[in-house]
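Visitor: Encoded as structure tokens, here's the structure I'll be asking about.
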Amino acid sequence: MDIKLSQRVQSIKPSPTLAITARAAALKAEGKDIIGLGAGEPDFDTPNHIKQAAIDAINNGFTKYTAVDGTAELKQAVIDKFLRDNGLDYQANQVLVSVGGKQSFFNLTQALLDEGDEVII
33 MDIKLSQRVQ SIKPSPTLAI TARAAALKAE GKDIIGLGAG EPDFDTPNHI
83 KQAAIDAINN GFTKYTAVDG TAELKQAVID KFLRDNGLDY QANQVLVSVG
133 GKQSFFNLTQ ALLDEGDEVI I
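Using this note's numbering, read the sequence shown as starting at 33 and increasing by one per residue.
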């Protein structure tokens with residue numbers, strides 16, 4: 033049986049994020065000092081206290097969707113971290129939690145920018 037893929041699927045391009053991640057890994061393997069800003073995949077094992085917190089959350093039934101901008105407890109942990117480590121004092125309405133850096137940048141640009149706006153990074 034000959035299956036034809038839709039035009040939509042045929043037009044999908046390879047992920048630039050994965051290409052950047054692969055290139056960074058190759059350069060790192062060559063001994064180059066690389067700071068990877070690709071996929072956001074840690075280069076270390078998950079610390080045991082984080083693994084245990086995940087297990088505890090599952091065992092306590094904390095397996096449902098949460099508020100889009102983060103739970104009150106998570107926001108407070110972020111606030112406490114910035115105050116403790118950086119001397120920066122934030123309020124909960126100044127903290128937004130997302131699934132990752134790219135998602136945050138996407139949300140930010142969609143909310144603040146229009147076609148033709150100049151952005152300097």
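We put the CB at the ideal spot given by N, CA and C, even for glycine.
How big is the Cα-Cα spacing for isoleucine 111 and leucine 69?
Guide: 25 Å
Visitor: Under 8 Å between C-beta atoms, does lysine 64 make it to chain B?
Guide: Absent here is chain B; the protein component of the structure consists of one chain.
Visitor: Under 8 Å, do glycine 102 and leucine 144 count as touching if we go by C-beta distance?
Guide: no
Visitor: In angstroms with no decimal places, state the Cα-to-Cα distance between valine 131 and proline 79.
Guide: 19 Å
Visitor: Can you list the alpha helix (DSSP H) stretches of 4 or more residues lying completely in the region 44-85, in chain order?
Guide: Listed in chain order, they are 48-61.
Visitor: List the endpoints of the continuous alpha helix (DSSP H) containing lysine 36.
Guide: Counting along the chain, lysine 36 falls outside any alpha helix (DSSP H), and DSSP gives it neither H nor E.
Visitor: Quick one: is lysine 64 buried, meaning 16 or more other Cβ sit within 10 Å of its Cβ, or exposed?
Guide: exposed
Visitor: Taking its Cβ as the centre, do 16 or more other Cβ atoms sit within 10 Å of lysine 2, making it buried, or is it exposed?
Guide: Lying before the first or after the last residue shown, residue 2 is absent from the chain, which here runs from 33 to 153.
Visitor: Throw me the rounded Cβ distance for the lysine 60 and isoleucine 52 pair, which I believe falls under 8 Å.
Guide: Not quite, the Cβ-Cβ distance comes to about 12 Å (not below 8 Å), so this is no contact.
Visitor: Whose C-alpha, out of Gly148, Ala54 and Ala85, is nearest the C-alpha of alanine 71?
Guide: Ala54
Visitor: Pick helix, strand or coil for leucine 128, following the three-state DSSP scheme.
Guide: Residue state, collapsed to three classes: coil.
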